[in-house]
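K.L.:
Each residue of the sequence shown is one higher than the one before, starting from 42 at the first, in the numbering used here.
Next up is a structure, given as structure tokens.
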Amino acid sequence: MSGLERYDCDNCEKAFKAHSASNAAANAYCSPNCESEGKGF
Ligand SMILES: [Zn+2]
42 MSGLERYDCD
52 NCEKAFKAHS
62 ASNAAANAYC
72 SPNCESEGKG
82 F
């Protein structure tokens, strides 16, 4: 019942775990830093 799933970051390709309902799951970035980098380039 944890809802945690494994994802690979779109920016740094690091594997991370996030709730399937979270922003990280929707965007597939391990951190806000990677999210802005991934979207900025
Ligand atoms: Zn990352």
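From the three backbone atoms N, C-alpha and C, an ideal C-beta is built for every residue, glycine too.
Suppose you measure from the CA of Cys71 to the CA of Gly81; what does that come to, to the nearest Å?
P.N.:
Counting from 1 along the sequence shown, the entry for residue 71 is found at position 30. Counting from 1 along the sequence shown, the entry for residue 81 is found at position 40. Near 15 Å, if we compare the C-alpha coordinates of Gly81 and Cys71.
K.L.:
Per DSSP, which residues does Tyr48 bridge with? Please list them.
P.N.:
Taking the first residue of the sequence shown as 1, we reach residue 48 at position 7. Phe57, per the DSSP bridge assignment.
K.L.:
Exposed or buried, what is Ala62 when buried is set at 16 or more other beta-carbons lying within 10 Å of its beta-carbon?
P.N.:
As a first step, residue 62 must be located in the sequence shown, where it is residue number 21. Label assigned to Ala62: exposed.
K.L.:
Reducing DSSP to helix, strand and coil, say where Cys75 ends up.
P.N.:
As a working mapping, residue 75 is identified with position 34 in the sequence shown. In the three-state DSSP reduction, Cys75 falls in the helix class (H, G or I).
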